Every structure is written in C-alpha cells, then in structure tokens.
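Using this note's numbering, the first residue of the sequence shown is number 16, and each one after it goes up by one. Ideal Cβ positions, reconstructed from N, Cα and C, are used throughout, including at glycine. Quick caveat: nothing in here was measured; it's all calculated off a predicted structure. Here is the structure we will look at.
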Amino acid sequence: MSSLLPIITEILPMILPSTTEVTHADQLKPMLDNEGRSIRDSAIVGKCDKMCASVLRIPPNSWSPIHHNSEQDAIINVVSGTGTLVVKEGFKGELRHHELHPGDFAFVPAWTEHQARNDSDQDLVWVITQSGPRPVGAILTDWGGQEIKTIE
Numbered sequence: 016m017s018s019l020l021p022i023i024t025e026i027l028p029m030i031l032p033s034t035t036e037v038t039h040a041d042q043l044k045p046m047l048d049n050e051g052r053s054i055r056d057s058a059i060v061g062k063c064d065k066m067c068a069s070v071l072r073i074p075p076n077s078w079s080p081i082h083h084n085s086e087q088d089a090i091i092n093v094v095s096g097t098g099t100l101v102v103k104e105g106f107k108g109e110l111r112h113h114e115l116h117p118g119d120f121a122f123v124p125a126w127t128e129h130q131a132r133n134d135s136d137q138d139l140v141w142v143i144t145q146s147g148p149r150p151v152g153a154i155l156t157d158w159g160g161q162e163i164k165t166i167e
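Laid out in structure tokens, this is it:
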C-alpha cells in the first residue's frame with residue numbers, strides 16, 4: 016500500500032477538479048462593520064476547508080472590537096498604515112502592544128483575545144489569513160469579558 020502513495024499524490028491533482036480563484040479589490044464583500052471604526056471584508060472565503068482570507072480596514076483614530084478567533088489561528092500581514100496589535104495572552108495575561116508596519120506579519124493563536132488599533136492619521140489595512148473555511152470568532156465586552164456577538 017505504501018508503494019501506491021507516491022503514485023496517488025501525483026495522479027490526484029489530475030483527477031480532482033480545481034479552479035484558481037481571484038478576488039479583485041472591487042469585489043470584496045463586507046462581512047463585519049464596527050460602526051465605521053473597523054470594516055472587515057471577505058476576500059477568499061469558503062473555497063477550501065483549511066484556510067480563508069479577509070481584509071481589515073481601520074480608519075484613522077479607530078479600532079476593532081476586542082475579540083478572539085475561536086478555534087482558528089490567524090496570520091496578519093500589514094498592507095498599509097501603521098497600527099498596534101493589542102493581545103491578551105493567557106487567561107490572566109497582561110496586555111501586550113505590538114506596533115506593526117507595512118510588510119510586517121503577526122501570528123495570533125486560536126482563542127487569543129486581541130484588538131487592532133489605528134492611532135495614526137492614515138488608514139490601516141491588514142490581510143488576515145485564518146485556519147478555517149471562513150472567519151469565526153466572538154466579539155467581547157472587554158478584555159476577559161462576555162461574548163456579545165459571534166463572528167460567523
């Protein structure tokens with residue numbers, strides 16, 4: 016059986032239908048609007064079961080709600096602007112502030128409470144890749160607070 020594995024991995028891509036998906040900037044669909052303080056758009060969602068991507072836009076002097084991504088890990092890539100990723104690591108963890116600039120990446124583990132802040136006078140744009148077919152999570156009342164809205 017193990018001798019068939021190399022053959023199967025070579026043949027499988029030829030048998031299974033696959034299509035490259037492209038989402039242009041003007042095709043982004045809003046999925047979460049925090050009263051204009053932050054807007055999250057779906058970019059590549061529901062195309063496979065292992066990952067998805069969205070775009071987070073935060074206007075100057077605004078912030079995202081405090082939230083976690085439930086069971087999904089996330090990778091953030093800063094496209095433009097300078098912002099702060101605030102995270103609470105662990106149940107009683109202190110808040111840590113990470114300043115992020117264009118080209119920077121950040122990894123946010125599953126269930127980690129975090130917030131994106133834009134204290135600058137320019138828009139902040141992040142591309143967020145999560146480990147599931149569509150972004151999930153929950154918005155919290157405060158750090159360590161109750162869930163007030165589920166993100167699905």
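Each of Leu155, Gln145, Asn133, Ala40 was checked against the Cα of Arg52, and the nearest Cα belongs to Asn133. At the C-beta level, Ala125 and Asn84 come within 8 angstroms of one another. By the CB criterion at 8 angstroms, Glu128 and Ile81 fall inside the cutoff. About 20 angstroms separates the beta carbons of Val70 and Val102, which is beyond the 8 angstroms limit, so they are not a contact pair.
The residues Pro75, in chain order, have a CB closer than 6 angstroms to that of Asp136 in the same chain once the five nearest residues on each side in sequence are set aside. Exposure of Asp41 is indicated by the presence of fewer than 16 other C-beta atoms within 10 angstroms of its C-beta.
Between the alpha carbons of Trp158 and Arg149 lies a gap of roughly 24 angstroms. The three-state reading of DSSP puts Gln42 in helix, counting H, G and I together. Between Cys63 and Gln145, the C-beta spacing is not below 8 angstroms. Per the coordinates, the alpha-carbon of Ser79 lies some 15 angstroms from the alpha-carbon of Gly160. In terms of Cβ geometry, Gly147 and Ile166 do not form a close pair [threshold 8 angstroms].
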